[in-house]
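Protein chains in written order, with our numbering: chain A, 1 to 481; chain B, 1001 to 1481.
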């Protein structure tokens, strides 16, 4: 068995502080990864690994040999295959589309600069179009608990590799829920920060104006640390945003969380029951749950797939699709082709409707700290998806699709298990730049839970919450050293 | 001759403090307005006037009879006929489109609440589509200096009625320059505030996501006061924005203003000369002029008319145009029909380009306080426009079209006269919410100029600058009482 299985960041850091070398641990890890595993599109070759190790050694030299100055020193991570890693092809799960990027995506570069090592590129719903993890010529990614169920997507491989403990964290993307739905279906953390907080430079666009790079991790502490390192303003990307100087680290005492007054589970009573028990447990925390009319959120969610935003997906692959349409996943192509029915006039009318719904949502949110929702309302099998590939997919986005259109941040966290043994998750949603406040609240919730790390059966180590006053990565390395 | 001709706000206030009644002054004024004057689409009837006077008397009663609590008590103003005034038809300069609004536009309601009285609705380029003032079935509005020249538009009538001293201020709209170009061509102030600062509720949309209500006035003090009163957040309008709490009242000492390194005048050497002499005078102020590459601004400007934003105009009148296209001005219809060639995909691609250009502009602006540009590069005659109705129009927007797309505020101010006796104007442009800082800088410039009020030959009274510490309207009334 793999020594590093289900290691969290402190364990990786500790191992290196105790004298183990990245070469030793990572060669073993990469050697263990299975090329037949549908979660991977490509796995680092010995060359790709050793080249990164050489670069890491250089960085360490530049850091006077002090590994605590490289908060992710020798930590392996996986990258969704619509995010560029220099030297690896980027396929977006479409072999005919593949290209070899010259440069790392901005977020990948930042994580490498902190010492992290890319061990592979992961499978996804083609062009990140889907929430299911089945729309890929590289195979459907099975759920990490029960393989007859879906992994969720589109960041299917990035969720699966973390849930199985192969890597402590991974990068995904999240336009409509692609970073939250698969986190939830695999019992891990899915952090979708404020739009523009992490740069999308070097990412194959899905809906460029709404795309977000997201983080999967086994623990919230790890996800938070990666976010602190990767959320840096990027002047070279038009949608990157400067963070405001004042960002809350926590909500005021007794936060008020809006919950859907009549939550929709599309007949999935097992999920509905899990939601009810979760709510009962949330009520034990110092939190006020406020049922709210969810219809403006639902209308906004529907705009994303049924409205003209699909033209953003078209804008991203227009020329490729014209020349290589037959080489695309037919469901994905069918969705993107819907773009052609929308005129510029439609696009602006939908933008007006979005502005109106955002105003309504602003007013609903005024007395609230944030929202608490199920991460996914259903848990389809692979067979369900084959039978109805579009509707089952749409249902999954009920509690995720609206978030980027409303310029909000979100954090998907585990919430125990359904009666059938499959994981259940909830998502905290907040106003833009309330990422840290969501994390603080989630930590309170997680402290009340008996959790396992993803699908590994190993229990979650006690949290050593990050002091907001100190740059977290740097502090924590010292603590575990 | 009309007693109140070219009165500025302090003169109106002074007259009422000295015991004159609104009925007396305004009946005379309205009686004097000429229904044949192409600047007007409708003039208040005796009933419409007396109804407003009754409401004003009620407001005064509610203010304990203290007229200093109504900063615009009895002050007449004109409203562009694409802005609703209850009781007046709104035509948008298209008789077939006319409707009778039940409520005042948000800005009109705020000004009425401060005591102002609407004396008429003004002519415009149909559906606010144009910068010329000739595209209206109500007639071309002649320039207030030389009638063979254009007034500029689209807010032609609102500029003309102020320039001729009929009213002290008026409302226009400004999407592409409609509030700045006609101000410049008629020697008056054209204030286009930060997008969303004044609500567009009750305005016939041109490009709804970019439309701004603008202010024309004979003096900057008057324009500033009207802006303070009318720039109020409107929760009911999706594009209205909350002002940030900290807004600068002025720039730091020795502001740096970007000027176009190679300004474009399309062969109009008279305007080019006027610009050169103006720059020489600006250099005498404590201001640093910094030539900058203007091409990103020009590219953004071109997007507005040549790109998919024309679909916003289409979205606004789509159904009307389908049923009544033949009743529209053919040039305006021809422009709006261009919308049909743009797909939703085109709209998103242009939005990406806009985001990129905004980022570039942000970087150009980083070391600058603002920009100084000619308000209009040319000064066409009515005959020029007949000959080439589209190109002459486009040229006029060179220094205005990009401003709302870049989320900037602007202030068009007089800058003396060209060698042919026609007025010349410049525009100060600043980042969003720098309205007041632009006004402070403009006041410094205006103090160095020997100016006349619009086209009236009366000289501009000395400015009594508004103290930023005190609610301006209220203070000023007390001062003149």
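For every residue, glycine included, the Cβ atom is placed at its ideal position computed from N, Cα and C.
Quick caveat, the model's predicted, so the values are computed rather than measured.
query, result
"8 Å Cβ cutoff, residue 1227 (chain B) in contact with chain A", "no"
"Inter-residue spacing [alpha-carbon to alpha-carbon] between residue 184 (chain A) and residue 134 (chain A)", "16 Å"
"Neighbour flag for residue 1016 (chain B) against chain A, beta carbons, 8 Å", "no"
"As assigned by DSSP and simplified to three states, the class of residue 477 (chain A)", "Summary for residue 477 (chain A): the model assigns pLDDT 32, below 50, so the residue's position carries little reliability, and this model does not support an answer."
"Status (buried if at least 16 other CB within 10 Å, exposed otherwise) for residue 1099 (chain B)", "exposed"
"Same chain, Cβ closer than 6 Å to residue 1158 (chain B), five either side skipped, listed in chain order", "1078, 1080, 1122, 1170, 1172 and 1216"
"In chain order, each beta strand (DSSP E) run of at least 3 residues that lies wholly inside the region 110-189 of chain A", "117-122 and 169-173"
"Cutoff 8 Å: residue 1299 (chain B) Cβ touching any chain A Cβ", "no"
"Nearest-angstrom beta carbon gap, residue 1397 (chain B) and residue 1124 (chain B) [assumed within contact, 8 Å]", "Rounded, the Cβ-Cβ distance is 16 Å, inconsistent with contact."
"Within-8 Å CB hit, residue 1346 (chain B) to chain A", "yes"
"Beta carbon proximity, residue 1431 (chain B) to chain A, threshold 8 Å", "no"
"CA-to-CA distance, residue 1436 (chain B) to residue 326 (chain A), given in whole angstroms", "58 Å"
"Given residue 1035 (chain B) as reference, the closest of B:1029, B:1043 and B:1028 once Cα atoms are compared", "B:1043"
"Test item: CB-CB of residue 1360 (chain B) and residue 1296 (chain B) under 8 Å", "yes"
"First and last residue of the uninterrupted alpha helix (DSSP H) at residue 270 (chain A)", "269-284"
"Closest residue to residue 1385 (chain B) among B:1126, B:1298, B:1001 and B:1150 (Cα-Cα distance)", "B:1150"
"Rounded straight-line distance, which links the Cα of residue 1307 (chain B) to that of residue 48 (chain A)", "45 Å"
"Own chain partners of residue 1274 (chain B) with C-beta closer than 6 Å, once the 5 adjacent residues on each side are dropped", "1418 and 1424"
"Those residues which DSSP pairs with residue 373 (chain A) across a bridge", "A:427"
"Contact set between residue 1308 (chain B) and chain A, taken where Cβ atoms lie within less than 7 Å", "344"
"Residues, ordered as in the chain, of the region 1202-1229 of chain B that lie near chain A by beta-carbon distance below 9 Å", "1205, 1207, 1208 and 1209"
"Beta-carbon proximity of residue 1461 (chain B) to residue 1008 (chain B), cut-off 8 Å", "yes"
"Within 8 Å, strictly: CB atoms of residue 117 (chain A) and residue 75 (chain A)", "yes"
"Strand pairing of residue 99 (chain A), partner residues [DSSP]", "A:90"
"Nearest-angstrom Cβ-Cβ length linking residue 962 (chain B) and residue 1103 (chain B), presumed shorter than 8 Å", "Residue 962 (chain B) is absent from the structure shown; chain B starts at 1001 and stops at 1481."
"For residue 1349 (chain B): DSSP bridge partner residues", "Paired residue(s): none; residue 1349 (chain B) is not in a bridge."
"Residue burial classification, residue 1199 (chain B) (beta-carbon count within 10 angstroms, cutoff 16)", "buried"
"Status (buried if at least 16 other CB within 10 Å, exposed otherwise) for residue 1 (chain A)", "exposed"
"Residue 1207 (chain B) and residue 1299 (chain B) closer than 8 Å at C-beta", "no"
"Three-pair Cβ contact test at 8 Å for the region 1337-1354 of chain B versus the region 1227-1246 of chain B", "no"
"Secondary structure of residue 1257 (chain B), DSSP reduced to three states", "strand"
"Inter-residue Cα distance where the pair is residue 1209 (chain B) and residue 54 (chain A)", "51 Å"
"Chain A contacts made by the region 1234-1250 of chain B, where a contact means CB separation under 9 Å", "1235, 1236, 1237, 1238, 1239 and 1240"
"Contact check, residue 1203 (chain B) vs residue 1420 (chain B), beta carbons under 8 Å", "no"
"Residues of the region 1315-1340 of chain B with Cβ closer than 8 Å to any Cβ of chain D, in chain order", "Of the chains in the structure shown, none is chain D; the protein chains are A and B."
"Contacting positions in the region 1356-1380 of chain B - beta carbon closer than 8 Å to chain A", "1356, 1358, 1359 and 1363"
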